[in-house]
Each structure stands twice: as C-alpha cells, then as structure tokens.
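Undergrad: Take a look at the following structure, please.
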Amino acid sequence: ARAKAVFEKDAVGGEDVVDNIISAFQFANNDVFRAVTHNKGIMNGTIAVANATGQDSRAIEAAANAYAANSGQYRSLSKWSKDENGNLVGYLELPLSVGIVGGIANVHPTAKICNKILGATSAQELACIMTATGLAQNYSAIRALSTEGIQKGHMRLHARNLAAAAGAANEQIDKIVQKMIEEKNISLDKAKELVNEI
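Using my numbering, you'd call the opening residue of the sequence shown number 365 and step up by one each time.
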C-alpha cells in the first residue's frame, strides 16, 4: 500500500524546517541505527490501526522490517523530498497483508466497531489507511525532531497531561504548562499548586 502527502512549506514552519526534515530522512536512510528508530515510529501508527482492526501485527512488523532491508541495507521506509514549489513531500510504501473479512476482524467487538468507523470496503483500502497513518506518525516525529526536538515536545505534552490531571480547566492548561516549563518543575504537585493559584 502507498501513501503520499504534500505539506505546504509555510505550514511546516518554512524552508529551513523542510530542509531539516529532509536531512533527518537522509540520515535515517543511510544509518541503520537511525533507520530503526525512524521506522519504529512509522510502525507505531501503522500497528495502532492494525491492533484496532484485528490484524496480525507481528506479521505486519516482520514484513515491514524485511521490506526496509530489500536493497541489502536496512533503510528508512518513508521518503521525504521537496516539490518544485519547495513544499515537503512525504511518501511511504508498506507491504501490508490485511483483511476485512474473516478472522478476528469480524468477531472481536472492538475490532468490529473500529472497522465500521473506518469504513474500509476492501483490504487494499484498509492497507492504505494504515500506511497513511504510518506516514502521518512519521511526519509528526520527524518534524518534532527537526524543530523543537522530541524531548522538548514530549515534556510539553507531559506537562499538559499533568495540568489536566491536576484539575485545570481547558482555558487554564496553556498558562499552567508555560509556567511549569519556565520554572523547570514539571510535576503533578506543581500543576496542583498552579491550579490553586489561578
């Protein structure tokens, strides 16, 4: 299955971010250790859909990893480039063997609901959805890596979750997150303290 997406350079963060994403891809495509982490991120999205729809996730992982090495060297599953306007182009191809008839997909209640929500009418359509999800996951990770960095992005998300867990109202969360980051104290106790102050 194949997925392709074009992201306008301004929406991505500008020409420098586009170039950084392409550089990160090239690094993953030429370094086996970076490729493993890069491809793991792709599979995080793909396997989430596989699990939700009752697919054989081990077979999907094995096939994807074999496909990543089909050139004789383990490489990035995704490809990133620029189009003639400088926009970011992402492409992903995965050898997915999935089904919508038979197996657990039609028996397990959660898989049945997930398949109904997705509305895939063929195995090929489901495979395309899974591939597009993998590409979206890869874009998110590689963009974070190319801009603020994965660690900083995860810490901000963690701070948001802590603020919500501390009982912050939706309109308070951004302010509490910013305060925790500024004070370099991202903890549930600090989030509760800030909720009480506001």
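A virtual CB, placed ideally from N, CA and C, is assigned to each residue, including glycine. Keep in mind it's a predicted model, so treat the numbers as computed, not measured.
Give the list of continuous beta strand (DSSP E) stretches no shorter than 3 residues that lie fully inside the stretch 419-451.
TA: 442-446
Undergrad: By alpha-carbon positions, which one of Ile562, Leu460, Ala555 ends up nearest to Val541?
TA: Ala555
Undergrad: Taking DSSP as the reference, what is the three-state secondary structure of Lys404?
TA: helix
Undergrad: What does the alpha-carbon distance come out to for the pair Thr495 and Glu561?
TA: 46 Å
Undergrad: Rounded C-beta distance between Val382 and Val376? I'm assuming under 8 Å.
TA: 6 Å
Undergrad: What are the boundary residues of the alpha helix (DSSP H) that Val376 is part of?
TA: 373-376
Undergrad: What's the call for Leu521, buried or exposed, on a 16-neighbour Cβ count within 10 Å?
TA: exposed
Undergrad: Can you tell which of Ala412, Val559, Leu558, Leu458 has its C-alpha closest to the C-alpha of Ala427?
TA: Leu458
Undergrad: In this structure, does DSSP put Lys548 in helix, strand or coil?
TA: coil
Undergrad: Measuring alpha carbon to alpha carbon, tell me which residue in Glu489, Lys368, Ala484, Thr485 is nearest Trp444.
TA: Lys368
Undergrad: With H, G and I counted as helix, E and B as strand and the rest as coil, what does DSSP make of Val453?
TA: strand
Undergrad: Taking all protein chains shown into account, decide if Gly436 is buried (16 or more other Cβ within 10 angstroms of its Cβ) or exposed.
TA: exposed
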